[in-house]
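J.: Numbering (my numbering), first residue to last: 5 to 1001.
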């Protein structure tokens, strides 16, 4: 896979957009990726990994951290990568999940991750191409297929962990496993190992649970069967040691309990039979006693009923006489009602006479009706006076209202007149103010222009003061730079003179006998010159020349900056017209005040004109209002005079109609009430006459009914009369007495008591009952004991079944967990594991062996066939290792520890291991061609001579068209690698890229 182009926006420390053209920067096959620690070198690797796989290079890191916190929150973080594989040329654009401000309102909204994948024809096509998909799943599948590597494989192969291997070579034995697990990416096997071991522990736990279940079941059996502690311990020991012998012991326990239950059942049945016999004896004795008591009770009842017979005979005769009096009750009640009505009519007549005038109390109905008619005629004549009286109060109120309204009209006339007299002066004042406002408004444009000029002068004065303050520092910097340059040029001239003086010594070193001298041509060199100890070398001249060039550039930059600053000072002085900041600010503030006055005057012109127009309109309005109010005042005076005369006339009519009463209405009400009382007296006379006639008729009807039913007078009838409830109640008492007599006679003559003898002797019932109670208690004890043993046998059999089922489950658990326990022990390095290595360590050793085999091929090329690596499982102390490595030196045919390697040799070995890991992973993924590689740190500890060898080694990685990026912050590499990507940190702690190619 070859990388062509990378673009990052708002990614990591890069707040803006950064672009890397790998085709250009990697044209030589080797480039440097350098910058301070933490500046953002690894962010470039993260961006490449994120573009391809949607994750960063470090597996444990959160992908959302790739979004730059330095960028504008509205900026969309995006990575664009153009890459080429055997499947073709692609461009992928991917954005992470991030939060951005809402378009409307406050707060943020979550932007979900997106992706776009194109197929391209040329690497320079950064806009077009064939869009393959925008679905994250589809794009991830296509990229993984095209690259041929998973994310973990890509990180292992594209970024060579040379630094990690260098650390491994120097690490202690106990740390090597962690380092290799990180480099090889075998944490998966560690997780698998942990899961398998945990499964083995779970299987062991299942076995222990099954054993505990058997032990608990045996304990429950012992409790149910009531076994002694010693026998219970014996059963629990058998369940642990020889479960096959446990079944016979369980059967014996059940047989013993069954025998006890059978004997208890026999005893229970005998006790039940004894109790039944005693209960029958007590029941027979109690029955004979009850029959004797029943005979005595019936004889006593017969005696009592005989004593009540005369009383019930008299009661029967009284009930018959009451039934005979019932038909006369209706006539008696009717007469009583008529008499009550007559009394009420006479009382009402007395009251009606008392309410009328004394002169009318003794008159007859005809005279009374005539008096009532006369009163009603007078009432009819008062209707008109009542209407006038009702309206009189309203007319008086209306007169008061008209007078108040007339006073208000007079006040309004005075107010309008006063305002009309004051308006001419107000109008003249507003017209004068309007004229002044128009004058100031006319100056607005000129004052605006002057205000803008004053603002420009003020800004120029402020900038001129700032620039003038920087001039001394710039002059000092330029003077210092020029002085340093002059000193450097003097030093360079001295070095050149010394170089010329010592050139003979250098020529003397190059002379060889038989070869001509390049100066004189002689082949003999009897006394060649030798260089002195302080001879100047070409490298010193080159270094000093480079320093002079750099200082000259700095001096030029300083003088140019001073000239630019002085030009700026002159230009700003012209712009501020020679004013200082205070004078310019005073002019600007005065211009601002005048401009504000003109702006306010323009607004006042509009308002003033409107106000003058409003006042003139007000004069016309008030003049019309004064005319209208004068007319209203004349009409009001006439209305008051007319209404006052009418009220006087109507008051005289009403006073005459009152005739001494408080009001006409009161006189009418008094006349109406008198007529009504006369009518009531007439009605009371008529009702009294009707009631007297009814009493006479009802008296005759009652006397006829008394004679018909055999009663001489009312007193005799009242003595015999009873209510219907009394008659029914007494009839029921007589019937119940007769029914009781019949029942007693039937009981005395019945067969049940025929053979009862009152003087016979009886058994002692209390003694029989005591014997029966004792027999019952014995029966209950025997039954309870039998029931308890029966339940105990049932529970014990159930416990035996539980134990057998637990034994069966235990055997099944042992069979089911056999593989899990065995595999868990093997994976953990225990049990049958003869190597005593856990799975993760075994995988590391196998992978390490493969990498060592591939590393020896690279190491042989780097070291000229001198070194090979050998794997060893030698132990230090009691620790299990298996990850040891030693170096075989073919020149001396000795095997030594890697700790004896020099700095350059350590670099060879660690780089060989890193390349070997990449090759092994590449081979596992189907031989993917890797066109771009990054080599991790490891250069800071190399001396210059070793660094030369290392650089020569790295140049060999370019074979086959590979592009190699060296990730480092070592300054020495800058002079050795022309192509480089520099990460620069800005003052605001953000980063940017500077690419040199």
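For every residue, glycine included, the Cβ atom is placed at its ideal position computed from N, Cα and C.
1. With H, G and I counted as helix, E and B as strand and the rest as coil, what does DSSP make of residue 888?
2. Buried or exposed: residue 956, going by 16 or more other Cβ atoms within 10 Å of its Cβ?
3. In this structure, what does DSSP give as the bridge partners for residue 163?
4. Taking the beta carbon of residue 883 as the centre, do at least 16 other beta carbons fall within 10 Å, making it buried, or is it exposed?
5. Evaluate the contact criterion for the segment 773–789 versus the segment 260–276: three or more CB pairs, one atom per stretch, below 8 Å.
6. DSSP puts residue 893 in a beta bridge; with which residues?
7. Beta-carbon within less than 6 Å of residue 365's beta-carbon, same chain only, minus the 5 sequence neighbours each way: which residues are those?
8. Does the beta-carbon distance from residue 424 to residue 631 come in below 8 Å?
9. When we look at the beta-carbon of residue 6 and count the other beta-carbons within 10 Å, is it buried (16 or more) or exposed?
10. Tell whether a beta-carbon distance below 8 Å holds between residue 105 and residue 81.
11. Do residue 444 and residue 644 have their C-beta atoms closer together than 8 Å?
12. So is residue 122 buried or exposed if we call it buried at 16+ other beta carbons inside 10 Å?
13. Please work out which residues of its chain come closer than 6 Å, Cβ to Cβ, to residue 688, disregarding the five sequence neighbours upstream and downstream, and give them in chain order.
14. If you measure between the beta carbons of residue 824 and residue 201, is that distance less than 8 Å?
15. Taking only runs of the alpha helix (DSSP H) that begin and end inside the segment 388–432, which ones reach a length of at least 4 residues, in chain order?
16. What number of angstroms, rounded off, separates the C-alpha of residue 582 from the C-alpha of residue 457?
17. Residue range of the beta strand (DSSP E) that residue 223 falls in?
18. Rounding to the nearest angstrom, what Cα-Cα distance links residue 492 and residue 915 in this structure?
19. Going by other Cβ atoms of all chains shown within 10 Å of its Cβ, with 16 needed for buried, is residue 419 buried or exposed?
20. Between which two residues does the beta strand (DSSP E) containing residue 986 stretch?
21. Which residues in the same chain have their Cβ closer than 7 Å to the Cβ of residue 459, if we skip the five residues on either side of it in sequence?
22. Suppose you measure from the CA of residue 103 to the CA of residue 37; what does that come to, to the nearest Å?
23. Return the residue from the list 74, 50, 826 and 79 that minimises the CA-CA distance to residue 66.
24. Going by the beta-carbon positions, is the gap between residue 939 and residue 40 smaller than 8 Å?
25. Taking only the alpha-carbon atoms, compute the straight-line gap between residue 258 and residue 828 and give it to the nearest angstrom.
26. According to DSSP, is residue 105 helix, strand or coil?
27. Please classify residue 845: is it buried, with 16 or more other beta-carbons within 10 angstroms of its beta-carbon, or exposed?
28. Could you pull out every unbroken beta strand (DSSP E) segment of at least 3 residues lying fully inside the segment 755–818, listed in chain order?
29. For residue 995, write down the residues that DSSP places opposite it in a beta bridge.
30. What alpha helix (DSSP H) runs, 4 residues minimum, are completely inside the segment 75–142?
31. Could you pull out every residue in the same chain whose Cβ sits closer than 8 Å to the Cβ of residue 328, ignoring the five residues on either side in sequence?
32. Excluding the 5 residues flanking residue 773 on each side, which residues of the same chain have their C-beta closer than 8 Å to its C-beta?
33. Ignore the nearest five residues each way along the sequence and tell me which others in residue 224's own chain have a CB closer than 6 Å to its CB.
34. Could you pull the DSSP bridge partners for residue 71 from this structure?
35. When you compare the CB positions of residue 1019 and residue 55, do they come within less than 8 Å of one another, or not?
36. Report yes or no: do three or more beta-carbon pairs, one from the segment 593–612 and one from the segment 430–449, lie closer than 8 Å?
T.: Put simply:
1. strand
2. exposed
3. 938
4. Residue placement at residue 883 is poorly supported in this model, since its pLDDT is 45, which falls under 50; the coordinates are not used for a value here.
5. The count of Cβ pairs closer than 8 Å, one atom from the segment 773–789 and one from the segment 260–276, reaches three, so the stretches are in contact.
6. When beta bridges are read from the DSSP output, residue 893 appears opposite 871 and 898.
7. 357
8. no
9. In summary, residue 6 is buried, with 16 or more beta-carbon neighbours lying within 10 Å of its beta-carbon over all protein chains present.
10. No, these two residues do not count as a Cβ contact at 8 Å.
11. no
12. buried
13. 352, 353 and 356, listed in sequence order.
14. no
15. none
16. 14 Å
17. Here residue 223 belongs to no beta strand (DSSP E); instead the alpha helix (DSSP H) covers 191–229.
18. 43 Å
19. exposed
20. From DSSP, the beta strand (DSSP E) with residue 986 extends over 984–989.
21. 592
22. 31 Å
23. When C-alpha distances from residue 66 are compared across 74, 50, 826 and 79, the shortest belongs to 50.
24. no
25. 42 Å
26. strand
27. buried
28. none
29. 989
30. none
31. 713, 714 and 724
32. 286
33. Excluding five sequence positions before and after residue 224, the CB atoms of its chain that fall closer than 6 Å to its own CB belong to 803, given in chain order.
34. 15
35. Since the first residue shown for the chain is 5 and the last is 1001, residue 1019 is missing from the structure and cannot be characterised.
36. yes
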